[in-house]
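Enquirer: My numbering puts the sequence shown at residues 1 to 291.
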Amino acid sequence: MSAIKEVVRRPAYSGIVLCLCIVSIDAGAAEVQFNPRVEVGASYDDNANLAGTGANKLKTFGEDVDARLEMRAIEPTGEWRLTPAVDGAAYPGHSELDSNGEFLYFYGDEHGPRYDASANGYLSSQSLMKNYLPTAALGGGLGQAEPGATIGNLASNRQNLGYIDPAYALQMTPRRRLELNASFVDASYNHELKGGYTDYTNVSGSAAIVLQATQTGSLALRATAANFQPHVGFAANTYGFETEWNGHFSQTKQYYVRLGVERSNFSRVSSALPSGPSATTVSGGIGTHWT
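What follows is the structure, encoded as structure tokens:
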């Protein structure tokens with residue numbers, strides 16, 4: 001139970017501060033909502049350590065908890081959300097598999113007759129254990145990647161990660177729109193290089209002109225740039241161009257087709273490494289959300 005107790009205790013202070021911040025919003029200017037949720041469950045896993053052979057597989061029973069509080073403020077021209085969350089898992093008799101995580105998700109949107117400005121992101125501190133393996137849940141918009149705990153190796157390691165992706169759109173004419181996007185990721189680990197993990201920072205941005213070609217379809221011409229800076233290995237500066245067609249029939253019926261080219265220049269972080277090469281990449285993608 002120690003992992004679950006830790007999960008409940010660690011974010012208590014920050015949660016109280018966030019509640020006070022939300023309550024301070026002028027009640028006459030915004031509708032404020034508090035939406036709590038708590039889930040408690042039990043699980044059984046016949047291969048908790050993801051062993052490759054049957055002789056090394058570890059069978060366990062576990063107990064899980066997930067608690068979060070969405071604090072939401074709705075205004076005539078915007079919406080703001082803060083969601084502190086904690087979750088954890090405990091495996092009696094196998095404390096080496098215990099894990100916990102604390103998260104703070106945030107989202108803000110402000111819009112006017114011709115513009116829309118938003119920011120989405122989260123802060124997290126979590127154990128890189130099995131119950132934080134990636135899932136099929138879609139968090140971002142269609143065709144929009146977002147960072148997370150991409151687990152390469154199961155290790156008793158803790159990741160602290162911050163992510164934010166501000167965006168701004170300006171309707172210049174009835175058929176032309178300017179879109180500016182940026183993202184920032186900073187990750188660190190309490191045991192660097194254990195399990196192959198290293199601290200890193202990634203900054204990226206894009207600028208696009210979007211042409212409304214039909215009532216349900218638009219064409220985007222986008223310039224992109226990114227800088228990846230790890231603590232160990234090779235840093236990368238990338239720039240490129242992509243074009244994208246979006247079909248948007250409704251919130252639940254949409255698709256996209258994307259084609260792009262990028263040029264990456266690599267440089268060594270340590271003088272002990274050889275100089276890095278350059279590379280040109282051609283990429284494409286297609287996806288749909290249809291329900």
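Note that the Cβ used here is the ideal one computed from N, Cα and C, for glycine as well.
1. Would you call the CB atoms of residue 160 and residue 188 closer than 8 Å?
2. Determine, using beta carbons only, whether residue 224 and residue 247 come nearer to each other than 8 Å.
3. Can you name the start and end residues of the beta strand (DSSP E) that residue 253 belongs to?
4. What ranges does the alpha helix (DSSP H) occupy inside the region 174-198, keeping only unbroken runs of at least 4 residues that lie completely in it?
5. Evaluate residue 82 with the Cβ neighbour count: other Cβ atoms within 10 Å of its Cβ, from every protein chain shown; 16 or more gives buried, anything less gives exposed.
6. Can you tell me whether DSSP reads residue 276 as helix, strand or coil?
7. What residue range does the beta strand (DSSP E) around residue 204 cover?
8. Taking the beta strand (DSSP E) that residue 77 belongs to, which residues open and close that run?
9. When you compare only the Cα positions, how much space is there between residue 251 and residue 262?
10. Taking just the CA atoms, how far does residue 228 sit from residue 238?
11. How is residue 56 classed by DSSP in three states: helix, strand or coil?
12. Closer than 7 Å by C-beta to residue 172: which residues in its own chain qualify, once you throw out the five before and the five after it? Chain order, please.
13. Tell whether a beta-carbon distance below 8 Å holds between residue 102 and residue 125.
14. At the level of alpha carbons, what is the spacing between residue 169 and residue 180?
15. Return the chain-ordered list of same chain residues with a C-beta closer than 7 Å to the C-beta of residue 242, the five sequence neighbours on each side being excluded.
16. Using only the alpha-carbon positions, how far apart do residue 236 and residue 266 sit?
17. Kindly indicate which three-state DSSP category residue 219 falls into: helix, strand or coil?
18. Does the separation of the CB atoms of residue 203 and residue 226 fall below 8 Å?
19. Using only alpha-carbon positions, find the residue among 288, 48, 264, 290 that is nearest to residue 282.
20. Can you tell me the Cα-Cα spacing of residue 280 and residue 234, whole angstroms?
21. How far does the beta strand (DSSP E) with residue 95 in it reach, from first residue to last?
22. Using a Cβ-Cβ cutoff of less than 6 Å, which residues in the same chain neighbour residue 278 once the five nearest sequence positions on both sides are dropped?
23. Looking at C-alpha atoms only, which residue of 41, 185, 205, 270 is the closest neighbour of residue 123?
24. Along the chain, where does the beta strand (DSSP E) that runs through residue 112 open and close?
25. Can you give me the Cβ contacts of residue 135 inside the same chain, cut-off strictly under 6 Å, excluding the 5 residues immediately before and after it?
26. Can we count residue 71 as close to the ligand SAM, meaning its CB is less than 7 Å from some heavy atom?
27. For residue 66, does the three-state DSSP call read helix, strand or coil?
28. Please report the residue range of the beta strand (DSSP E) in which residue 47 lies.
29. Relative to the C-alpha of residue 47, which residue among 40, 164, 106, 61 is closest?
30. In three-state terms, what does DSSP make of residue 128?
Expert: Taking the structure as given:
1. Yes, the pair counts as a contact, with Cβ atoms nearer than the cut-off.
2. no
3. 253-268
4. none
5. buried
6. Three-state result, residue 276: coil.
7. 200-212
8. From DSSP, residue 77 is part of no beta strand (DSSP E); its letter is neither H nor E.
9. 30 Å
10. 8 Å
11. helix
12. 178
13. yes
14. The alpha-carbon atoms of residue 169 and residue 180 are separated by roughly 6 Å.
15. 222, 224, 258, 259, 260
16. 5 Å
17. strand
18. Yes, the Cβ-Cβ distance between residue 203 and residue 226 is below 8 Å.
19. Per the Cα distances, 264.
20. C-alpha separation (whole angstroms): 16 Å.
21. It is not in any beta strand (DSSP E) - residue 95 carries neither H nor E in the DSSP assignment.
22. Listed in chain order, the non-local C-beta contacts of residue 278 below 6 Å within the same chain comprise 265, local neighbours out to five positions each way being set aside.
23. The residue with the shortest Cα to Cα distance from residue 123 is 185.
24. Looking at the DSSP string, residue 112 is not in any beta strand (DSSP E), and its letter there is neither H nor E.
25. For residue 135, the pLDDT reaches just 48, beneath the cut-off of 50, and the residue's location in the model is therefore unreliable, although a value from the coordinates is still provided. Once the five neighbours on either side are set aside, residue 135 has no close Cβ partner at all.
26. The ligand SAM is absent from the structure shown, which contains no ligand whatsoever.
27. strand
28. Residue 47 -> no beta strand (DSSP E), and no H or E assigned at all.
29. Closest by C-alpha distance to residue 47, out of 40, 164, 106, 61, is 61.
30. The answer is coil: DSSP assigns residue 128 none of H, G, I, E or B.
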